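Let me begin by presenting the structure, written as structure tokens, before commenting on it.
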Amino acid sequence: MVNGVRLSALAALSVALSSCVVGPDYRAPSLSLPAKWASSGSATDAQSAPVLADWWKRFNDPVLDQLVDQAIQSNRDIAKAKAAVREARATAREQSGSLFPSLSGSASATDNRAQSNASGSSDYAQYEGGFDSSWELDLFGGNKRAVEAQRYAAQSTEEELRDTLVTVIGDVASYYIDARAYQQLASLAQRSAASQWQTAKLTKTRLDVGLVSDFDLRKAEAQAASTEADVPSYQISYTQSVNRLAVLVARPASEIDAMLGAGKTIPAPPGKTAVGIPAEVLVTRPDVRSAERQLAEATAKIGEAEANRYPSLSLTGSISTSATSLSELGEKSTIGWSWGPQLSIPIFQGGQLKAAVDVAKAQRDQSLANYQSSVLNALEEVDNAIIALNRTRTRIGSLSSSVNGYRAAVRLSKQAYEAGETDLFDTLDSERSLYSTEESLIQSRADVATYYVALNKALGGGWSGMIDVSQPLAEDTQEGPHVIARK
1 MVNGVRLSAL AALSVALSSC VVGPDYRAPS LSLPAKWASS GSATDAQSAP
51 VLADWWKRFN DPVLDQLVDQ AIQSNRDIAK AKAAVREARA TAREQSGSLF
101 PSLSGSASAT DNRAQSNASG SSDYAQYEGG FDSSWELDLF GGNKRAVEAQ
151 RYAAQSTEEE LRDTLVTVIG DVASYYIDAR AYQQLASLAQ RSAASQWQTA
201 KLTKTRLDVG LVSDFDLRKA EAQAASTEAD VPSYQISYTQ SVNRLAVLVA
251 RPASEIDAML GAGKTIPAPP GKTAVGIPAE VLVTRPDVRS AERQLAEATA
301 KIGEAEANRY PSLSLTGSIS TSATSLSELG EKSTIGWSWG PQLSIPIFQG
351 GQLKAAVDVA KAQRDQSLAN YQSSVLNALE EVDNAIIALN RTRTRIGSLS
401 SSVNGYRAAV RLSKQAYEAG ETDLFDTLDS ERSLYSTEES LIQSRADVAT
451 YYVALNKALG GGWSGMIDVS QPLAEDTQEG PHVIARK
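full-length UniProt numbering puts the first residue of the sequence shown at 1, with every later residue one more than the last.
Right, here's the structure in full:
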């Protein structure tokens, strides 16, 4: 009866003490954020919350949609991030086991010989079985803080997976835009070179009748050849973009090239993009959320380190039985048991335990600075993307007017040159200016699409569907006991 009362009292005291924790409790830091973005323009809407789910589909480009879907399924960086999530979750479950008692069993069977001068030797068998258990009561919450830290770490890893999705989707869209732009630029160079070779042919005809000099012919041919030389350069850049897409979607480059076909136009973003307010990046950017979870993890580790400076209490117990035959192991065996508390008190560790707390606090401060930095970087990226998107759209309007003007100038100068009313210089200058301006217009259209991608990445836009992390990349077989097959 007395033992029962003592056991009940000890259990009640253990439960009360094990609810205690040391170290700071985590609170999300408050940040002073601007009320609105520094940049604005007709291409962005700061009054509405951003719609970030499946943002790339607003390009209305089925080929891009297909590439993104393939990347989600097959990209190696995403597969690696999924494995990291599985690892973090398994580690969290492993760490949670420290909160519970441990129990292990043992059994042995031995043949023994006893030697005596009086009676000689005798042989006998010895059979033993038993159980051992232990439970650290976690008086000051060191194990709880460790579990808490690992839970935050797992959440951070999940956000890193989301951030990987944001990056991969953005990269697929950006390289797809590049590939389309290089297709357009190569086609432009081919058309412009053909037009300039026609001018050179006309100059040759006029040279034959003595209306121009050989210098004019050489100059016309040189300009046409210079423009023609841009074609291989653009084809190289196109191939590099296709190869990068092949890596991102884990498909052969020839398959990607076939998907892109021959020179489809550069995808155009919608006319206006909602950007919301700066405070929303705290909840929409996965890298910011990951940094915040890392700060929470570092804060919990302070308590874990602090708990090591306090006494620890464990309950241990064991029960064993032994007999000289298996049949007697349960009926006529010798049974012994023991249980009781074990108290460990750190007395002198040469300052190591206090230093460990200081290390944890310094690491927490690093995580806080990293979190603050990630927020500032997010604000910078959004503002840069807003101004780039708006200003480039304005640039496109001016370039379009310039292209129309140069096209008219080329047509009129050629007519005048054929009629002998002007010299070759005006025609060559108009053709060169038209080619250069059309190049700039194509590049600006690609820039607008790329800045739209950058804006959605900066806002945290990514994959909105389910993310299945349960499927391992490598399938294991014969995991149980088996004989190794020799080759």
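The beta-carbon is built from N, C-alpha and C at its ideal position, and this holds for glycine as well. Bear in mind the structure is a predicted one, so any value in this text is a computation, not a measurement.
**OP:** Label N404 either buried or exposed according to how many other C-beta atoms from any shown protein chain fall within 10 Å of its C-beta, with 16 as the threshold for buried.
**Re:** Stepping through the sequence shown from its first residue, residue 404 is reached at position 404. Per the 10 Å Cβ criterion, exposed.
Original post:
Can you tell me whether R180 is buried or exposed, with buried defined as 16 or more other CB within 10 angstroms of its CB?
Top reply: One-based indexing of the sequence shown puts residue 180 at position 180. Buried.
Subject >> C-alpha distance - A81 paired with A92, whole-angstrom precision >> reply: In the sequence shown, counting from the first residue as 1, residue 81 sits at position 81. In the sequence shown, counting from the first residue as 1, residue 92 sits at position 92. Roughly 17 Å between the two C-alpha positions.
**OP:** Could you please give the first and the last residue of the uninterrupted beta strand (DSSP E) stretch that includes S318?
**Re:** Here the question's residue 318 lines up with position 318 in the sequence shown. S318 -> beta strand (DSSP E) spans S312 to A323.
**OP:** Pick helix, strand or coil for L455, following the three-state DSSP scheme.
**Re:** Here the question's residue 455 lines up with position 455 in the sequence shown. Note: L455 maps to helix in three-state DSSP.
Original post:
Is L343 helix, strand or coil when you go by DSSP?
Top reply: Start at 1 with the first residue of the sequence shown, and residue 343 comes out as number 343. Reduced to three states, the DSSP call for L343 is strand.
**OP:** Pull up the distance between the alpha-carbon of T316 and that of Q150, whole angstroms please.
**Re:** Looking up residue 316 in the sequence shown gives position 316. Looking up residue 150 in the sequence shown gives position 150. Straight-line Cα distance between these residues: approximately 26 Å.
Original post:
Do the segment 252-268 and the segment 344-361 touch if we need at least three Cβ pairs shorter than 8 Å?
Top reply: no
**OP:** Find the nearest neighbour of E94 within the set D163, E148 and Y417, judged by alpha-carbon distance.
**Re:** Looking up residue 94 in the sequence shown gives position 94. Looking at the Cα atoms, E148 is the closest of the given residues.
Original post:
Helix, strand or coil: which one does DSSP assign to R244?
Top reply: The count along the sequence shown starts at 1 and reaches residue 244 at position 244. Correct three-state label for R244: helix.
Subject >> Beta-carbon gap between A449 and S367 smaller than 7 Å >> reply: Here residue 449 is taken as the residue at index 449 of the sequence shown, counted from 1. Here residue 367 is taken as the residue at index 367 of the sequence shown, counted from 1. No. Outside cutoff.
Subject >> Simplified DSSP state of S121, which is helix, strand or coil >> reply: To locate residue 121, count along the sequence shown from 1; it is residue 121. Of the three classes helix, strand and coil, the one that applies to S121 here is strand, per DSSP.
Original post:
Among P346, A224 and A388, which residue has its Cα nearest to the Cα of S42?
Top reply: As a position in the sequence shown, residue 42 is number 42, starting the count at 1. Cα-wise, what sits closest to S42 is A388.
Subject >> CB of V168 within 7 Å of CB of I277, strictly >> reply: As a position in the sequence shown, residue 168 is number 168, starting the count at 1. As a position in the sequence shown, residue 277 is number 277, starting the count at 1. In this structure, I277 does not lie closer than 7 Å to V168 by Cβ.
Original post:
Of the residues D69, S402 and L379, which one's Cα is nearest the Cα of E280?
Top reply: Position 280 of the sequence shown, counting from 1, holds the residue named residue 280. Residue L379 is the option with its Cα nearest to E280.
Original post:
Would the segment 62-79 and the segment 292-306 be scored as touching if the rule is three or more Cβ pairs under 8 Å?
Top reply: no
Subject >> Selected residue, minimal CA-CA separation from A262, among Q196, L52 and Y238 >> reply: Looking up residue 262 in the sequence shown gives position 262. Minimum Cα distance to A262 is reached at Y238.
Original post:
Nearest-angstrom Cα distance between I236 and P286?
Top reply: Stepping through the sequence shown from its first residue, residue 236 is reached at position 236. Stepping through the sequence shown from its first residue, residue 286 is reached at position 286. So the alpha carbons of these two residues sit roughly 35 Å apart.
Original post:
So, S338 versus S318, is the Cβ gap smaller than 7 Å?
Top reply: Here residue 338 is taken as the residue at index 338 of the sequence shown, counted from 1. Here residue 318 is taken as the residue at index 318 of the sequence shown, counted from 1. Yes, the pair counts as a contact, with Cβ atoms nearer than the cut-off.
Original post:
So, is E438 buried or exposed, given that buried needs 16 or more other C-beta atoms within 10 angstroms?
Top reply: On the sequence shown, position 438 is the one that residue 438 refers to. Buried, since its Cβ has 16 or more Cβ neighbours within 10 Å.
Subject >> Completely contained beta strand (DSSP E) runs for the segment 344-384, where each covers 3 or more residues >> reply: For the beta strand (DSSP E) assignment, the segment 344-384 encloses no uninterrupted run of at least 3 residues.
Original post:
My guess is that V453 and G170 are in contact by the Cβ rule of under 8 Å, so how many angstroms apart are they, rounded?
Top reply: Position 453 of the sequence shown, counted from the first residue, corresponds to residue 453. Position 170 of the sequence shown, counted from the first residue, corresponds to residue 170. Confirmed, about 5 Å.
Original post:
In chain order, what residues of the same chain lie with their CB nearer than 8 Å to the CB of L31, ignoring the 5 residues before and after it?
Top reply: What you label residue 31 is simply residue 31 of the sequence shown in a count that begins at 1. L282, Q372 and V375, listed in sequence order.
**OP:** Tell me, to the nearest whole angstrom, how far the beta carbon of I396 is from that of V275; I am working on the premise that it is less than 8 Å.
**Re:** The residue given as residue 396 occupies position 396 in the sequence shown. The residue given as residue 275 occupies position 275 in the sequence shown. Going by Cβ atoms, the distance from I396 to V275 rounds to 20 Å, so no, they are not a contact pair.
Subject >> Beta-carbon contacts of S104 that lie in its chain and below 8 Å, excluding the five residues immediately before and after >> reply: Numbered from its first residue, the sequence shown carries residue 104 at position 104. By the criterion of a C-beta distance shorter than 8 Å, S104 is surrounded in its chain by F131, D132 and S133, once the five residues flanking it on both sides are discounted.
Original post:
In whole angstroms, what separates the C-alpha of T321 from that of E128?
Top reply: As a working mapping, residue 321 is identified with position 321 in the sequence shown. As a working mapping, residue 128 is identified with position 128 in the sequence shown. Each residue's CA atom was taken as its position, placing T321 and E128 some 6 Å apart.
Original post:
Can you tell me the Cα-Cα spacing of A109 and E328, whole angstroms?
Top reply: Along the sequence shown, read from residue 1 onward, the residue named residue 109 stands at position 109. Along the sequence shown, read from residue 1 onward, the residue named residue 328 stands at position 328. So the two alpha carbons sit approximately 13 Å from each other.
Original post:
Around the C-beta of I266, are 16 or more other C-beta atoms found within 10 angstroms, so that it is buried, or is it exposed?
Top reply: For the purposes of this step, residue 266 is taken as residue 266 along the sequence shown, with counting starting at 1. The Cβ neighbour count for I266, taken over all protein chains shown within 10 Å, is at least 16; the residue is labelled buried.
**OP:** Assign D25 to one of two classes, buried (16 or more other C-beta atoms within 10 Å of its C-beta) or exposed (fewer than that).
**Re:** Within the sequence shown, residue 25 is the residue found at index 25, counting from 1. Exposed, by the Cβ-count rule.
Subject >> Per DSSP, the bridge partner or partners of E87 >> reply: Here the question's residue 87 lines up with position 87 in the sequence shown. As far as DSSP is concerned, E87 takes part in no beta bridge.
**OP:** Measure the C-alpha to C-alpha separation of Q342 and D476 and round it to an integer number of angstroms.
**Re:** Position 342 of the sequence shown holds residue 342. Position 476 of the sequence shown holds residue 476. Cα-Cα distance, rounded: 42 Å.
**OP:** Mind checking who G129 pairs with in its DSSP beta bridge?
**Re:** In the sequence shown, counting from the first residue as 1, residue 129 sits at position 129. Paired residues: A107 and T321.
Subject >> Own chain, CB closer than 6 Å to Y310, minus 5 neighbours either side, in chain order >> reply: For the purposes of this step, residue 310 is taken as residue 310 along the sequence shown, with counting starting at 1. These residues qualify, in order along the chain: F140.
Original post:
Below 7 Å between beta carbons: does that hold for A125 and T334?
Top reply: In the sequence shown, the residue the question calls residue 125 occupies position 125. In the sequence shown, the residue the question calls residue 334 occupies position 334. It is not a contact, given that the beta carbons lie outside the stated cut-off.
Original post:
What did DSSP end up calling I467 once you bin it into helix, strand or coil?
Top reply: Numbered from its first residue, the sequence shown carries residue 467 at position 467. If DSSP states are grouped into helix, strand and coil, I467 belongs with coil.
Subject >> Length of the line joining the Cα atoms of L248 and Y182 >> reply: Along the sequence shown, read from residue 1 onward, the residue named residue 248 stands at position 248. Along the sequence shown, read from residue 1 onward, the residue named residue 182 stands at position 182. If I take the Cα positions, the gap works out to 19 Å.
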